[in-house]
Structures are given as structure tokens and as C-alpha cells.
Amino acid sequence: DQMRRLLALLILPSFAFGFGSDQVGTSGAQFLKIGPGARPAAMGEAFTGVADDIHVIYWNPAGLGTLKVPEFTAMHMEYFQSIQYEFGAFAYPTAYGTWGFAINNLHTDNIDRRTEDTDASIGTFGSNDSAYYMSYGKQITSRLSLGANAKWIHQTLDSIDSNAYAGDGGILYDTPWHDRSEEHTSE
């Protein structure tokens with residue numbers, strides 16, 4: 080009964096913030112929807128429940144609490160028209176939980192500048208979107224981990240800059256159902 084209350088306390092407030100505005104297409108920082116990591120991508124981005132490597136900083140920071148050794152990752156991805164995406168992360172487990180730091184960046188320098196509807200370009204300009212994460216995760220019990228991210232988001236388009244701060248949290252609960260580790264050890 081206490082677990083149901085805890086779940087209700089954690090889930091119900093998310094419904095209040097989950098309903099978006101009717102002004103579709105007016106939100107910023109869309110680059111944050113690009114998920115890093117080959118393994119999470121191969122899993123169809125269903126990584127939040129697995130959350131067992133360095134990519135947890137992006138997918139579910141509670142998974143940091145399950146890391147036992149320091150981990151580092153870096154990736155580079157080339158999109159069309161010279162658009163590039165980078166992600167790097169480092170996590171360090173301590174006796175008090177695991178601390179992590181990550182950066183993701185989407186950028187290009189080859190956007191044609193035009194002053195009117197014409198094929199003639201008068202130069203180029205760039206776009207640079209970055210997010211810097213400070214993360215923490217801790218294993219509370221053998222089955223429950225909690226984690227959080229604090230983010231600084233910086234976007235530049237030509238000569239215009241914007242900044243934002245964001246935070247998110249995660250819960251990772253390893254259920255006793257479908258515990259496959261026992262099946263593999265008995266074979």
C-alpha cells in the first residue's frame with residue numbers, strides 16, 4: 080500500500096505538466112530529442128528500463144546508481160548538409176553515489192544567407208545547439224535507484240543566442256518478475 084502511494088505521488092504530478100501548448104512548433108531545444116548511443120538506438124530508444132551503461136545520463140539518470148566502474152563515451156554523427164552531432168559523457172562512481180557530466184551538441188556552419196526569395200546567396204551563417212549535463216544517481220536499495228540531471232542549454236542561430244536551464248529525474252526499479260539471471264545460471 081505504501082508503494083502505491085509513492086507511485087501515485089510520483090506519477091500524478093507528471094500528468095499536470097504533460098499537456099503541452101496548442102502552439103505546435105514553437106518550442107526550442109529540439110536537438111535534445113536526438114538520443115545518443117548505438118545500443119539505445121538499436122533498442123528502438125527503449126533504453127530507460129535497461130539503463131545500465133554511461134548513456135543513462137541522457138536516457139534515465141537513475142541508472143547511474145548501478146554503475147560500478149568509471150565510464151566514458153564519445154560519439155560523432157554526420158547528418159545531411161554538413162549538420163553534425165556530438166555527444167560525450169563521463170561517470171564516476173563513489174561511495175556516495177555516481178556523478179556524471181555530459182555534453183551534446185548539434186551544429187552546422189553552412190546555412191546560406193539570403194535577404195529575399197532568390198537562389199543567390201550573400202554568405203553563410205551557422206547554428207550551434209548545446210546542452211551541458213551535471214548528473215547524479217544513487218542506488219537506494221538492491222532494486223531501487225534514483226537519479227537527476229541539471230542542464231544548461233545554449234542555442235545560437237547566426238548572431239542570436241538563447242539560454243535555458245532544465246532538470247529531470249529518473250527512477251529505476253528492478254522488478255523480481257522475469258529475473259532472467261537465475262535462468263541463465265541454472266543452465
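Just so we're aligned: the sequence shown equals residues 80 to 266 in the numbering used here. Cβ coordinates follow ideal geometry from the N, Cα and C atoms, glycine included. Quick caveat: nothing in here was measured; it's all calculated off a predicted structure.
* To do: Have a look at residue 174 and residue 156 and give me their C-alpha separation to the nearest angstrom.
  => Here residue 174 corresponds to residue number 95 of the sequence shown, with the count starting at 1. Here residue 156 corresponds to residue number 77 of the sequence shown, with the count starting at 1. Distance from the CA of residue 174 to the CA of residue 156, rounded to the nearest whole angstrom, comes to 35 Å.
* Is it buried or exposed for residue 200, if we count other Cβ within 10 angstroms and need 16 for buried? -> Looking up residue 200 in the sequence shown gives position 121. Exposed, since its Cβ has fewer than 16 Cβ neighbours within 10 Å.
* **For residue 254 and residue 68, the rounded distance between their alpha carbons** => There is no way to answer for residue 68, as the model of the chain reaches only from 80 to 266.
* To do: Using three-state DSSP, classify residue 217 as helix, strand or coil.
  => As a first step, residue 217 is located in the sequence shown; it is residue number 138 there, counting from the start. In this structure, residue 217 counts as strand in the three-state DSSP scheme.
* **Same chain, Cβ closer than 7 Å to residue 189, five either side skipped, listed in chain order** => Taking the sequence shown and counting its residues from 1, one reaches residue 189 at position 110. The residues are 160, 161 and 203.
* To do: Tell me, please, which residues DSSP counts as bridged to residue 163.
  => Mapped onto the sequence shown, residue 163 falls at position 84. BP columns for residue 163 point to 157 and 186.
* Other residues of its chain near residue 245: CB distance less than 7 Å, five sequence neighbours each side excluded -> On the sequence shown, position 166 is the one that residue 245 refers to. The residues are 230 and 232.
* In three-state DSSP terms, what is residue 230? -> Here residue 230 is taken as the residue at index 151 of the sequence shown, counted from 1. If DSSP states are grouped into helix, strand and coil, residue 230 belongs with the strands.
* Asked: alpha helix (DSSP H) containing residue 137: first to last residue?
  -> Working through the sequence shown from its first residue, we reach residue 137 at position 58. Per DSSP, the continuous alpha helix (DSSP H) segment holding residue 137 begins and ends at 135 to 138.
* To do: With residue 125 as the anchor, note down where its alpha helix (DSSP H) starts and where it stops.
  => Here the question's residue 125 lines up with position 46 in the sequence shown. For residue 125, no alpha helix (DSSP H) segment is defined, and its DSSP state is neither H nor E.
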